[in-house]
Amino acid sequence: MLALNTGMFELYGDAARIFQKNILDKHPVILGLFSGAGGRLILYRPGKPPTEAPQVPIVYQLLKSVGHSTMALAEVVGPYVNNPADKAWRGSMQAYRSRMQSALDGLDATPMQADWRDNNRAILKNNIAFMDECLTAGAIPFATLEAFGKKQAPLLARNVAWAAQTQVAHWMTVMADWKSQLGADWDKTYGASNTIYVARQNNVIFSVLAQFFGPDAINGRLMLIETISFTTTPSDMLESLTRIIADRSVGALFFGSYHLMDYELMGGDAREAIIAETKKRGMTAFLPPLVPFGSKQWPTLITPGPGPATIADLK
39 MLALNTGMFE
49 LYGDAARIFQ
59 KNILDKHPVI
69 LGLFSGAGGR
79 LILYRPGKPP
89 TEAPQVPIVY
99 QLLKSVGHST
109 MALAEVVGPY
119 VNNPADKAWR
129 GSMQAYRSRM
139 QSALDGLDAT
149 PMQADWRDNN
159 RAILKNNIAF
169 MDECLTAGAI
179 PFATLEAFGK
189 KQAPLLARNV
199 AWAAQTQVAH
209 WMTVMADWKS
219 QLGADWDKTY
229 GASNTIYVAR
239 QNNVIFSVLA
249 QFFGPDAING
259 RLMLIETISF
269 TTTPSDMLES
279 LTRIIADRSV
289 GALFFGSYHL
299 MDYELMGGDA
309 REAIIAETKK
319 RGMTAFLPPL
329 VPFGSKQWPT
339 LITPGPGPAT
349 IADLK
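First residue of the sequence shown? That's 39 in the numbering used here, and the numbers climb one at a time after it.
Rendered as structure tokens:
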């Protein structure tokens, strides 16, 4: 009997290959994948080879790299703060300082507008000054690290904003062009973007896709697929998208609901069981509200509340 379940996955795999071919033969598909270069967008059109969009301008990576270099310093020194007896950090810091100086020396050769370049020059100089201070002292007092963080914060915030503007403008342009090319086929186009937990909220690529697909497509033709790593392959994304779409026909066949299989199948009954079991134990059940199958709400946190929600709110 247990072998029946194992065999199911083999049958799923065989059927998925057919489903995927049928989907790609009839529907355009846009995949948005995370990458360190600002993402990848790939357009699949029936009867045509996949089209990969141009990359985000390199200045995005430059801004991000300088910002990450500053945060990396905090990671390097973190275990050694207020521990002057431990000098294990010195070798790593000296090597990183050399790279930091090389970046500063080459900054003027980068394709970056003047005010952005000035901001990044300040960040790199502050990084080097912090490293020199620590290396000279042979220790990393918390007060030194704290002052460094406060000094860099407004400069880093500018880099974050400029990188976001660069990335969003690029992908909005790509999506506008693709939507125009697809014409009437847009209304049967599927879209999917991947995300890891830390990048799920306000996911940039998914949010850009949503502007073009519109609210009625969310969780229907436009899906956010969670993964356990920042990057995944187009083939894995297509496989996941295929499984989601194919399972919908199964839910419609057996239960009369096209979107039932988008949800944990036992979730509703398990919910009732949790309520019953917590009551037996004198507990109050703590559960999210019920939402209908086929909900169009964002696949991220949407309940407002107090507290900062952007970098600007932290000022």
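Where is the CB? At the ideal position from N, CA and C, for every residue including glycine.
Just so you know, these numbers come straight off a predicted model, no measurement behind them.
Residue range of the alpha helix (DSSP H) that includes residue i
i              : result
leucine 183    : 180–220
isoleucine 256 : It is not in any alpha helix (DSSP H) - isoleucine 256 carries neither H nor E in the DSSP assignment.
valine 288     : 272–293
aspartate 143  : 128–143
Three-state secondary structure (DSSP) of residue i
i                 : result
serine 231        : strand
glutamate 315     : helix
isoleucine 266    : coil
leucine 260       : strand
isoleucine 56     : helix
phenylalanine 168 : helix
glycine 85        : coil
isoleucine 349    : coil
phenylalanine 244 : helix
lysine 334        : coil
tyrosine 50       : helix
lysine 226        : helix
methionine 299    : helix
Residue range of the beta strand (DSSP E) that includes residue i
i              : result
tryptophan 104 : Here residue 104 is valine; the residue named in the question, tryptophan, does not match the sequence. Valine 104 -> not in any beta strand (DSSP E); alpha helix (DSSP H) instead, spanning 97–115.
glycine 70     : 67–71
DSSP bridge partner residues for residue i (one or two, in chain order)
i             : result
arginine 155  : In the DSSP output, where bridge partners are listed per residue, arginine 155 has none listed.
isoleucine 80 : Leu69, Glu90
Anticipated Cβ contact below 8 Å, residue i with residue j, distance rounded
i              : j              : result
lysine 334     : aspartate 285  : That belief does not hold up - the Cβ atoms of lysine 334 and aspartate 285 are roughly 19 Å apart, past 8 Å.
asparagine 232 : leucine 339    : Incorrect: roughly 18 Å between the Cβ atoms, too far for contact.
cysteine 172   : isoleucine 178 : 5 Å
valine 67      : threonine 211  : Actually they are not in contact, since the Cβ atoms of valine 67 and threonine 211 sit about 20 Å apart, beyond 8 Å.
Nearest-angstrom Cα separation, counted from residue j out to residue i
i             : j              : result
glycine 306   : proline 122    : 56 Å
valine 198    : lysine 102     : 7 Å
aspartate 300 : methionine 261 : 10 Å
lysine 317    : glutamate 264  : 33 Å
glutamine 99  : alanine 222    : 35 Å
threonine 348 : glutamine 205  : 18 Å
glycine 129   : isoleucine 313 : 57 Å
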